[in-house]
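K.L.:
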Ligand SMILES: [Zn+2]
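Residue numbers (the numbering used here): 2 to 367.
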């Protein structure tokens, strides 16, 4: 993977980026023109390199997710399926995939799925810890269609669902209590919706083609009447398009009139974006017309208009955490005793390390 070599300059820059060619090993061997191809993320990475964006970001190494983290939202049976599928014989793999809807597997699928899920956890955790202001994980296979016990719609593990549950359930020490998930992929995020259906800690917002339930993933899950249940009632918001061709004006009207006002009221501690880009102009499946400018405005509104309503993470982190009880903080403090920022080569990969003032300022240890 590429790496930012300008450490002095990157020290103050706090946007993280993850990309790893391992996620390109997953591909459709039957159809080299399949829309979910490795070139989707290769093109993004090349563009960011060519434009110099990678030099202004902190490049993180991709990580494979741990089973215990994936288990937060997926069944053990599902995890075993994805873990073993790439080592199966071709004929058996082919039989297995016939059980599922819009799924392909090859010998690189297992590694790619674990890297995608682990990389989203990695960036989410770094932002939650205050080491980054924001981050972008360029990952595939995608995740938002994957349900608790079923891969579907090109999705194997629900990457955003896993990272969201990881922060809320496994890293309570970070003080992240409410997460907004914005899903602007042109398809409904059925898997993510189900994972947080009864959970008021997560506001799931999806805008997608629906067309009375006839657009993929089909059915009523993506309808506007699907609002969550029990304590989660009101924390699931679907904006269904009833036709193709929606453009910047349609999306920005939804942002201004629905998403931003509701998100301000929800007041999230952290925002995840399921940033599928198949609503983009020219996409053969989405058939919508969102321009690059439109996407930039959607991100701008989510990031900047809401930021004034967040307490800063530094203020929200626990003020007094004993070292013994909190291995995460302990680890962070150890990192801080090293040089402020150093680069090293490990296992043939360059790793950029940096430290943050957050930990010493907020743990009450100094
Ligand atoms: Zn999609």
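In this text, a Cβ means the ideal position worked out from N, Cα and C, and glycines have one as well. Everything numeric in this text was worked out from a predicted model, so none of it was measured.
Which whole runs of the beta strand (DSSP E) in the segment 240-317 are 3 residues long or more, in chain order?
P.N.:
271-275
K.L.:
Taking all protein chains shown into account, do 16 or more other C-beta atoms lie within 10 angstroms of the C-beta of residue 17, making it buried, or fewer, making it exposed?
P.N.:
If you number the chain shown from 1, residue 17 lands on position 16. Buried: at least 16 other Cβ atoms inside 10 Å.
K.L.:
Is the separation between the beta-carbon of residue 202 and that of residue 242 shorter than 8 Å?
P.N.:
Translated into the one-based positions of the chain shown, residue 202 becomes position 201. Translated into the one-based positions of the chain shown, residue 242 becomes position 241. Contact flag unset, no.
K.L.:
Enumerate in chain order the residues of its own chain whose CB-to-CB distance from residue 256 is below 7 Å, with the five nearest sequence positions on each side excluded.
P.N.:
Here residue 256 is taken as the residue at index 255 of the chain shown, counted from 1. If we look at residue 256 and ignore the five residues flanking it on each side, its Cβ neighbours are 299 and 302.
K.L.:
Entirely within the segment 18-57 and at least 4 residues each: give me those alpha helix (DSSP H) ranges in chain order.
P.N.:
40-51
K.L.:
Return yes when the Cβ of residue 64 is within less than 8 Å of the Cβ of residue 119, no when it is not.
P.N.:
The count along the chain shown starts at 1 and reaches residue 119 at position 118. The count along the chain shown starts at 1 and reaches residue 64 at position 63. For residue 119 and residue 64, yes; Cβs fall inside 8 Å.
K.L.:
Which runs of the alpha helix (DSSP H) at least 4 residues long sit entirely within the segment 45-130? Give them in chain order.
P.N.:
68-71, 77-85, 91-98 and 110-129
K.L.:
With which residues is residue 210 paired in a DSSP beta bridge?
P.N.:
On the chain shown, position 209 is the one that residue 210 refers to. 242, per the DSSP bridge assignment.
K.L.:
Using beta-carbon positions only, say whether residue 368 and residue 291 come within less than 8 Å of one another.
P.N.:
Absent from the structure is residue 368, since the part of the chain shown begins at 2 and ends at 367.
K.L.:
Note down the Cα distance separating residue 245 from residue 288, rounded to an integer number of angstroms.
P.N.:
The count along the chain shown starts at 1 and reaches residue 245 at position 244. The count along the chain shown starts at 1 and reaches residue 288 at position 287. In this structure, the alpha-carbon of residue 245 lies about 6 Å from that of residue 288.
K.L.:
Taking Cβ to Cβ, would you say residue 109 is nearer than 8 Å to residue 28?
P.N.:
The residue given as residue 109 occupies position 108 in the chain shown. The residue given as residue 28 occupies position 27 in the chain shown. Yes, they are a contact pair.
K.L.:
Please name the residue or residues paired with residue 175 in a DSSP beta bridge.
P.N.:
As a position in the chain shown, residue 175 is number 174, starting the count at 1. The partner list for residue 175 (beta bridge, DSSP) is empty, contrary to what the question assumes.
K.L.:
Could you tell me whether the segment 171-183 touches the segment 132-142, using the rule of 3 or more Cβ pairs below 8 Å?
P.N.:
no
K.L.:
Would you call the CB atoms of residue 121 and residue 163 closer than 8 Å?
P.N.:
Residue mapping note: residue 121 aligns to position 120 of the chain shown, counting from 1. Residue mapping note: residue 163 aligns to position 162 of the chain shown, counting from 1. Yes, these two residues count as a Cβ contact at 8 Å.
K.L.:
May I ask you to check if the CB of residue 35 is nearer than 7 Å to at least one heavy atom of ligand 1?
P.N.:
As a first step, residue 35 must be located in the chain shown, where it is residue number 34. No; taking the cut-off as 7 Å, the Cβ of residue 35 has no heavy atom of ligand 1 nearer than that.
K.L.:
For residue 225 versus residue 191, is the C-beta distance shorter than 8 Å?
P.N.:
One-based indexing of the chain shown puts residue 225 at position 224. One-based indexing of the chain shown puts residue 191 at position 190. No, Cβ-Cβ distance for residue 225 and residue 191 is not below 8 Å.
K.L.:
Classify residue 313: buried if its beta carbon has 16 or more other beta carbons within 10 angstroms, exposed otherwise.
P.N.:
In the chain shown, counting from the first residue as 1, residue 313 sits at position 312. Caution applies to residue 313, whose pLDDT of 49 falls short of 50 and renders its modelled position unreliable; the model cannot decide the point.
K.L.:
Might you give, ordered along the chain, the residues of its own chain that have their beta carbon closer than 7 Å to the beta carbon of residue 177, omitting 5 neighbours on each side?
P.N.:
As a first step, residue 177 is located in the chain shown; it is residue number 176 there, counting from the start. If we look at residue 177 and ignore the five residues flanking it on each side, its Cβ neighbours are 129, 168, 169, 270 and 271.
K.L.:
Return the first residue and the last residue of the alpha helix (DSSP H) that residue 166 is part of.
P.N.:
Along the chain shown, one-based indexing puts residue 166 at 165. First-last of the alpha helix (DSSP H) with residue 166: 160-166.
K.L.:
Among residues of its own chain, excluding the 5 on either side of residue 104, which ones have a beta-carbon nearer than 6 Å to its beta-carbon?
P.N.:
Working through the chain shown from its first residue, we reach residue 104 at position 103. Contacts found: 98 and 152.
K.L.:
Looking at the secondary structure, which residues open and close the alpha helix (DSSP H) in which residue 195 lies?
P.N.:
Counting from 1 along the chain shown, the entry for residue 195 is found at position 194. From DSSP, the alpha helix (DSSP H) with residue 195 extends over 191-196.
K.L.:
Between the Cα of residue 83 and the Cα atoms of 117, 50 and 54, which residue gives the shortest distance?
P.N.:
Along the chain shown, one-based indexing puts residue 83 at 82. Ranking 117, 50 and 54 by Cα distance to residue 83 puts 117 first.
K.L.:
What residues sit near ligand 1, counting only those whose C-beta is closer than 6 Å to one of its heavy atoms, in chain order?
P.N.:
186, 187, 188, 277 and 279
K.L.:
Measure the Cβ-Cβ separation of residue 87 and residue 111 and say whether it is below 8 Å.
P.N.:
Sequence index remark: in the chain shown, residue 87 carries index 86 (1-based). Sequence index remark: in the chain shown, residue 111 carries index 110 (1-based). For residue 87 and residue 111, yes; Cβs fall inside 8 Å.
K.L.:
What separation, rounded to the nearest whole angstrom, lies between the Cα atoms of residue 25 and residue 113?
P.N.:
Here residue 25 refers to the residue found at position 24 of the chain shown. Here residue 113 refers to the residue found at position 112 of the chain shown. Computed Cα separation, rounded: 7 Å.
K.L.:
In terms of residue numbering, what span does the beta strand (DSSP E) encompassing residue 183 cover?
P.N.:
Along the chain shown, read from residue 1 onward, the residue named residue 183 stands at position 182. Residues 180-184.
K.L.:
Is the distance from the Cβ of residue 189 to the Cβ of residue 258 below 8 Å?
P.N.:
Here the question's residue 189 lines up with position 188 in the chain shown. Here the question's residue 258 lines up with position 257 in the chain shown. It is not a contact, given that the beta carbons lie outside the stated cut-off.
K.L.:
One question on the structure: do residue 249 and residue 295 come within less than 8 Å of each other, judged by their Cβ atoms?
P.N.:
The residue given as residue 249 occupies position 248 in the chain shown. The residue given as residue 295 occupies position 294 in the chain shown. Yes, these two residues count as a Cβ contact at 8 Å.
K.L.:
From the DSSP secondary-structure annotation, give me the bridge partner or partners of residue 204.
P.N.:
The sequence position of residue 204 within the chain shown is 203, counting from 1. Looking at the DSSP assignment, residue 204 forms a beta bridge with 181.
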